[in-house]
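Notes to accompany the following structure.
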Amino acid sequence: MSVPYELTGRHRQKARTRLALVQAARRLLADGVEPAVEDAAAAAGISRTTAYRYFPNQHALLSAAHPEIDRSTLLPPDPPEDAAQRLELVMAAFTRLTLDWEPQLRASLRLSLQPGADQPALRGGRAVAWIQDALAPLQRTHPGLDVHRLAVAIRSATGIESLVWLTDIAGQTRAQAAQTMCWTAHAMLTAALDQHPSRPRPPRGP
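As structure tokens, then:
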């Protein structure tokens, strides 16, 4: 199996070069340009020949430009115990990330829709884990509720896919789209709680 170019010798210098190309691609995406490898190379001040050693094609470059968000939770320190409040906090942070990284996420979405394309980081399921983290108290208070299924349902109506539809098709502004996604998440939680009773509280002592 071949070893990626950046992993052979002079690791630190090659890591800096790769990062410069990725950052250039992200800047171009933010400016509304879907860059080819040579575009990122020019923006980064790196030769085309060198750039192609790191990214053999545009697909590889744009996949690398996908935002790497390694946070395990979107909740603040000492979050509330109420699931609705926790979900509100997570959805506010998630929609901010979606709007902040919209050009890069749109590029990843286009890549994922190409026939036979490798799935980029967009399909990593991070948002489902963030939402499930927000809903975690329900595992104790509503034992009959499938929390993972609810998190998947909320994710299906939020994120970059929903932002694209709400802005490009429904004609909402980005602020309106963010409000719609947060409202939808809350509505799904409310509907799920209506369908699944909470665990009865233990009787108080004498």
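Mapping the sequence shown onto UniProt numbering, position 3 (from 1) lands on 3, and the numbers just tick up by one. C-beta: ideal position from N, C-alpha, C; glycine also.
Query raised in the report: In chain order, which beta strand (DSSP E) runs of at least 3 residues are fully inside the region 137-179?
Result: none
Query - Check whether Ala65 and Ala25 have beta carbons under 8 Å apart - result: Here residue 65 is taken as the residue at index 65 of the sequence shown, counted from 1. Here residue 25 is taken as the residue at index 25 of the sequence shown, counted from 1. Yes, these two residues count as a Cβ contact at 8 Å.
Query raised in the report: What three-state label does DSSP hand Trp66 in the structure shown?
Result: Here residue 66 refers to the residue found at position 66 when the sequence shown is read from its first residue. In the sequence on display, residue 66 carries His and not Trp. It is coil, neither helix nor strand.
Query raised in the report: Between Ala83 and the rest of its own chain, which residues show a CB-CB distance below 6 Å, the 5 nearest in sequence each way excluded?
Result: Position 83 of the sequence shown, counting from 1, holds the residue named residue 83. Within the same chain, Ala83 has close Cβ partners Leu135, Pro137, Leu138.
Query raised in the report: What separation, rounded to the nearest whole angstrom, lies between the Cα atoms of Leu122 and Thr180?
Result: One-based indexing of the sequence shown puts residue 122 at position 122. One-based indexing of the sequence shown puts residue 180 at position 180. Summary for Leu122: the model assigns pLDDT 48, below 50, so the residue's position carries little reliability; its value from the coordinates is reported in the next sentence. Their backbone Cα atoms lie some 21 Å apart in a straight line.
Requested in this report: Report the option in Ala151, Leu29, Leu113, Ile46 whose CA atom is closest to the CA atom of Thr17.
Outcome: For this step, residue 17 is matched to residue 17 along the sequence shown. Measuring from the Cα of Thr17, the nearest candidate turns out to be Ile46.
Query - Exposure of Ser198, with buried meaning 16 or more beta-carbon neighbours within 10 Å - result: Numbered from 1 along the sequence shown, position 198 holds the residue referred to as residue 198. Exposed: under 16 other Cβ atoms inside 10 Å.
Query raised in the report: Alpha carbon to alpha carbon, what distance is there between Leu145 and Gln195?
Result: As a working note, residue 195 is residue 195 in the sequence shown. As a working note, residue 145 is residue 145 in the sequence shown. Going by the C-alpha atoms only, they are around 9 Å apart.
Report task. Assign Arg10 to one of three DSSP states: helix, strand, or coil. Result -> Start at 1 with the first residue of the sequence shown, and residue 10 comes out as number 10. Three-state result, Arg10: coil.
Query raised in the report: In its own chain, which residues sit with a C-beta less than 6 Å from the C-beta of Trp183, not counting the 5 before and 5 after it?
Result: Indexing the sequence shown from 1 puts residue 183 at position 183. Cβ within range, chain order: n/a, list empty.
**Report entry** Contacting residues, own chain, Cβ-Cβ under 6 Å from Ala110 (five flanking each side not counted)
**Finding:** Position 110 of the sequence shown holds residue 110. As written in the sequence, residue 110 is Arg, which differs from the Ala given in the question. Cβ within range, chain order: n/a, list empty.
Query raised in the report: Does the region 28-39 touch the region 72-91, meaning 3 or more C-beta pairs lie closer than 8 Å?
Result: no
Report task. State the DSSP-derived secondary structure class of Trp101, mapped to helix, strand or coil. Result -> Within the sequence shown, the letter at position 101 stands for residue 101. Reduced to three states, the DSSP call for Trp101 is coil.
Requested in this report: Let me know if Gln13 comes out buried or exposed under the rule of 16 or more other beta-carbons within 10 Å of its beta-carbon.
Outcome: By 1-based counting over the sequence shown, the position of residue 13 is 13. By the neighbour-count rule (16 or more Cβ atoms within 10 Å), Gln13 is not buried but exposed.
Query - DSSP three-state assignment for Leu28, whether helix, strand or coil - result: Within the sequence shown, the letter at position 28 stands for residue 28. Here Leu28 sits in helix by DSSP.
**Report entry** Local conformation of Val33 per DSSP, three classes
**Finding:** To locate residue 33, count along the sequence shown from 1; it is residue 33. Here Val33 sits in coil by DSSP.
Query raised in the report: For Gln195, which three-state DSSP category applies?
Result: Counting from 1 along the sequence shown, the entry for residue 195 is found at position 195. Three-state result, Gln195: helix.
Query raised in the report: Going by beta carbon distance, what residues of the same chain come within less than 6 Å of Val22, once the five residues before and after it are set aside?
Result: One-based indexing of the sequence shown puts residue 22 at position 22. Same-chain partners within the cutoff: Ala64, Ala65.
Query raised in the report: Hey, out of Ala192, Gln85, Leu97, whose CA is closest to Arg71's CA?
Result: Here residue 71 refers to the residue found at position 71 when the sequence shown is read from its first residue. When each option's Cα is compared against that of Arg71, the closest is Leu97.
Query raised in the report: Are the Cβ atoms of Leu75 and Phe94 separated by less than 8 Å?
Result: Locating residue 75 in the sequence shown gives position 75, counting from the first residue. Locating residue 94 in the sequence shown gives position 94, counting from the first residue. Against a cut-off of 8 Å, the Cβ pair of Phe94 and Leu75 comes out as no contact.
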